[in-house]
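Numbering (UniProt numbering), first residue to last: 1 to 203.
Take a look at the structure:
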């Protein structure tokens with residue numbers, strides 16, 4: 001006699017199926033009927049675990065948030081200097097997108113076209129939180145290392161995050177052929193070299 005999947009494992013199965021469809025059906029709008037066929041369950045079974053498709057997307061966004069910020073927390077604990085911290089955070093974001101093509105469509109907003117505005121706002125808030133974290137790292141550089149960005153901190157943090165967002169957009173636009181990490185190490189070297197400079201000493 002086979003055991004039924006637990007609610008939590010069934011929820012995970014649904015979210016994994018949705019992420020796979022985002023990857024395989026790039027550019028297509030996902031329907032509940034198509035998702036049910038992908039997983040091999042009825043539409044009613046999907047609704048027993050998620051009241052709407054929007055809640056399924058939110059489940060994926062929550063997974064992205066939890067995964068990224070847990071790992072960023074470890075970077076902040078293990079890496080003391082600002083430039084390596086920024087580099088590892090950006091590399092984490094690029095690597096996560098590369099390993100999760102379907103989720104990169106969520107990060108780029110491509111998969112949310114025609115969906116509820118609440119989901120786009122949730123992604124916007126995710127990137128706002130990432131930018132705030134980069135600002136904090138750069139602010140602490142002056143206190144910890146006596147160095148500050150060569151431009152205002154908000155501009156510097158925005159520039160760094162724009163590098164990531166642009167690469168994720170290229171990845172999605174190329175149907176996942178142009179990897180986000182491609183050329184990244186070569187580009188990060190000159191970018192990181194001019195990121196911080198010695199803070200002027202008080203007279």
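Just so it is clear, CB atoms sit at the ideal spot from N, CA and C, and this is done for glycine as well.
- For residue 119 against residue 57, the beta-carbon gap comes to about 5 Å, under 8 Å, which counts as contact.
- For residue 149, the enclosing beta strand (DSSP E) covers residues 147-149.
- With a beta-carbon spacing of about 6 Å, residue 148 and residue 196 fall inside the 8 Å limit used to define contacts.
- Distance from residue 188 to residue 95 at the Cβ level is roughly 13 Å; contact not present, criterion being Cβ atoms closer than 8 Å.
- When beta bridges are read from the DSSP output, residue 196 appears opposite 149.
- Inter-residue distance for residue 75 and residue 82 is about 11 Å (C-alpha atoms, whole angstroms).
- Taking one beta carbon from each stretch, the segment 97-107 and the segment 36-44 have fewer than 3 pairs nearer than 8 Å; the two do not touch.
- For residue 164, same chain residues with a beta-carbon under 7 Å away, outside a window of 5 residues either side, are 90, 93 and 94 in chain order.
- For the 9 Å CB-CB criterion, residue 24 and residue 109 do not form a contact.
- Non-local beta-carbon contacts of residue 16 in its own chain, meaning distances under 7 Å to residues more than five positions away in sequence, are absent.
- In the three-state scheme derived from DSSP, where H, G and I count as helix and E and B as strand, residue 49 is classed as helix.
- Between residue 134 and residue 112 a beta carbon distance of about 23 Å is seen, past the 8 Å cut, so the two are scored as non-contacting.
- It is roughly 28 Å from the alpha-carbon of residue 12 to the alpha-carbon of residue 181.
- Between residue 129 and residue 63, the C-beta spacing is not below 9 Å.
- The continuous alpha helix (DSSP H) containing residue 104 extends over residues 101-107.
- Residue 150 counts as exposed, since fewer than 16 other beta carbons sit within 10 angstroms of its beta carbon.
- Distance from the CA of residue 59 to the CA of residue 105, rounded to the nearest whole angstrom, comes to 15 Å.
- Looking only at 80, 166, 84 and 186, the smallest Cα-Cα distance to residue 127 is reached by 166.
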